[in-house]
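Q:
This is the structure in structure tokens:
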């Protein structure tokens, strides 16, 4: 994972990508919120949280934006998988699935532009977790 | 600031587009209502009845009154496994009344449900 990519300011293309991702996530959240029922409502809340996490300017969110991207893409993929397991074929469902596919594609593009190769990023994160220096016990309870 | 405003405007436009598309779901054709039509309603994510009775070997109608904004439909299956659909229709948002024309069914006990909310279900007895 290169530090320069993370620190690099957002270009116009990055902003358009980010707007599109947030818009698609909120659009999908809206669709699911109109369907009624606990499962759909929770799904909608998840998309709103994901959209917010993609843009919130908090240091920890900025630092782990790569993880948020993976989470959002995984969430959309899980929603698609849920529909494949128990499908319903009508226009709103098709629209929601199209939005989710587009969301995954845009998040993947955003990931590559901002973070680089996903495999390198994940393996780098795992390596840094495993090689974190061990802190001696302070003696306090 | 200009960039932030553009961000907000484009986001609102995208969500608005999704909202408009979501509300235009397809509906079944509405034949004129037969006085002998079966009636069922949906409210608070529940059907008004869990049992319907229909005549065997004769087409019949179901007048479905969706009383809430959540989309619902009435789909009829061979049994509760919902593997074989014998009649289906597109879910629609209410409040709205839609009349389905159901083809003739052989005598037996069928299973009906809302495809969007499978917990909303019941039995259709055809005799």
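Chains as they are written, first to last, in my numbering: chain P, 2 to 142; chain F, 49 to 175.
Don't be surprised by glycine CBs; every beta carbon is placed ideally from N, CA and C.
1. Rounded C-beta distance between residue 77 of chain P and residue 105 of chain P? I'm assuming under 8 Å.
2. Using only CA atoms, which one of F/92, F/109, F/93 and F/98 lies nearest to residue 152 of chain F?
3. Applying the criterion that 16 or more other CB atoms from any shown protein chain within 10 Å of the CB defines a buried residue, is residue 72 of chain F buried or exposed?
4. Can you check DSSP and say which residues form a bridge with residue 148 of chain F?
5. Which same chain residues end up closer than 7 Å to residue 103 of chain P when comparing Cβ atoms and leaving out the 5 residues on each side of it in sequence?
6. Using the rule of at least 16 other Cβ atoms within 10 Å of the residue's Cβ for burial, across every protein chain shown, is residue 116 of chain P buried or exposed?
7. Going along the chain, which residues of its own chain have a beta-carbon closer than 6 Å to the beta-carbon of residue 41 of chain P, five neighbours each way excluded?
8. Sort F/100, F/119 and F/172 by Cα distance to residue 145 of chain F and report the nearest one.
9. Starting from residue 164 of chain F and walking both ways along the alpha helix (DSSP H), at which residues does that stretch end?
10. Tell me which residues share the same chain as residue 155 of chain F and place their Cβ nearer than 6 Å to its Cβ, disregarding the 5 neighbours each side in the sequence.
11. Is the beta carbon of residue 167 of chain F closer than 9 Å to that of residue 100 of chain F?
12. Can you tell me whether residue 66 of chain P is buried or exposed, with buried defined as 16 or more other CB within 10 angstroms of its CB?
13. Give me the chain F residues within the contact set of residue 107 of chain P, using Cβ-Cβ distance strictly less than 7 Å, ordered along the chain.
14. By how many angstroms is the C-alpha of residue 122 of chain F removed from the C-alpha of residue 158 of chain F?
15. In whole angstroms, what is the alpha-carbon distance linking residue 36 of chain P and residue 133 of chain P?
16. With respect to the alpha helix (DSSP H) encompassing residue 41 of chain P, which residues constitute its N-terminal and C-terminal limits?
17. Mind checking if residue 91 of chain P is an interface residue toward chain F, Cβ cutoff 9 Å exclusive?
18. Measuring straight from C-alpha to C-alpha, what distance separates residue 128 of chain P and residue 122 of chain P?
19. For the beta strand (DSSP E) containing residue 90 of chain P, name the first residue and the last one.
A: So, from the listed chains and residues:
1. One-based indexing of the first chain puts residue 77 of chain P at position 76. One-based indexing of the first chain puts residue 105 of chain P at position 104. Indeed, because the Cβ distance is near 5 Å, the residues count as touching under 8 Å.
2. Here residue 152 of chain F is taken as the residue at index 104 of the second chain, counted from 1. The option with the nearest alpha carbon to residue 152 of chain F is F/109.
3. By one-based count along the second chain, residue 72 of chain F stands at place 24. Its pLDDT being 41, under 50, residue 72 of chain F is placed unreliably in this model, and the value from its coordinates should be taken loosely. Label assigned to residue 72 of chain F: exposed.
4. Indexing the second chain from 1 puts residue 148 of chain F at position 100. Answer by DSSP bridge pairing, in chain order: F/110.
5. Within the first chain, residue 103 of chain P is the residue found at index 102, counting from 1. Within the same chain, residue 103 of chain P has close Cβ partners 25.
6. Here the question's residue 116 of chain P lines up with position 115 in the first chain. Counting Cβ neighbours within 10 Å, residue 116 of chain P comes out buried, since at least 16 surround it.
7. Mapped onto the first chain, residue 41 of chain P falls at position 40. So the list reads 33, once near-sequence residues are dropped.
8. Position 97 of the second chain, counted from the first residue, corresponds to residue 145 of chain F. Taking only the C-alpha atoms, the option nearest residue 145 of chain F is F/119.
9. Within the second chain, the letter at position 116 stands for residue 164 of chain F. That residue, residue 164 of chain F, is in no alpha helix (DSSP H); it is neither H nor E in DSSP.
10. Position 107 of the second chain, counted from the first residue, corresponds to residue 155 of chain F. Around residue 155 of chain F: 104, 174 and 175.
11. Within the second chain, the letter at position 52 stands for residue 100 of chain F. Within the second chain, the letter at position 119 stands for residue 167 of chain F. No, the Cβ-Cβ distance between residue 100 of chain F and residue 167 of chain F is not below 9 Å.
12. To locate residue 66 of chain P, count along the first chain from 1; it is residue 65. With 16 or more other Cβ atoms within 10 Å, it is buried.
13. On the first chain, residue 107 of chain P is found 106 positions in, with the first residue counted as 1. Under the 7 Å cutoff, chain F gives no residues; its nearest Cβ is about 12 Å from residue 107 of chain P.
14. The residue given as residue 158 of chain F occupies position 110 in the second chain. The residue given as residue 122 of chain F occupies position 74 in the second chain. If you take the alpha carbons of residue 158 of chain F and residue 122 of chain F, they lie about 12 Å apart.
15. Counted from its first residue, the first chain places residue 36 of chain P at position 35. Counted from its first residue, the first chain places residue 133 of chain P at position 132. Rounded to whole angstroms, residue 36 of chain P to residue 133 of chain P spans 45 Å at the Cα level.
16. Within the first chain, the letter at position 40 stands for residue 41 of chain P. First-last of the alpha helix (DSSP H) with residue 41 of chain P: 39–56.
17. If you number the first chain from 1, residue 91 of chain P lands on position 90. It does: the Cβ of residue 91 of chain P has a partner Cβ on chain F nearer than 9 Å.
18. Mapped onto the first chain, residue 128 of chain P falls at position 127. Mapped onto the first chain, residue 122 of chain P falls at position 121. About 10 Å.
19. For this step, residue 90 of chain P is matched to residue 89 along the first chain. Looking at the DSSP string, residue 90 of chain P is not in any beta strand (DSSP E), and its letter there is neither H nor E.
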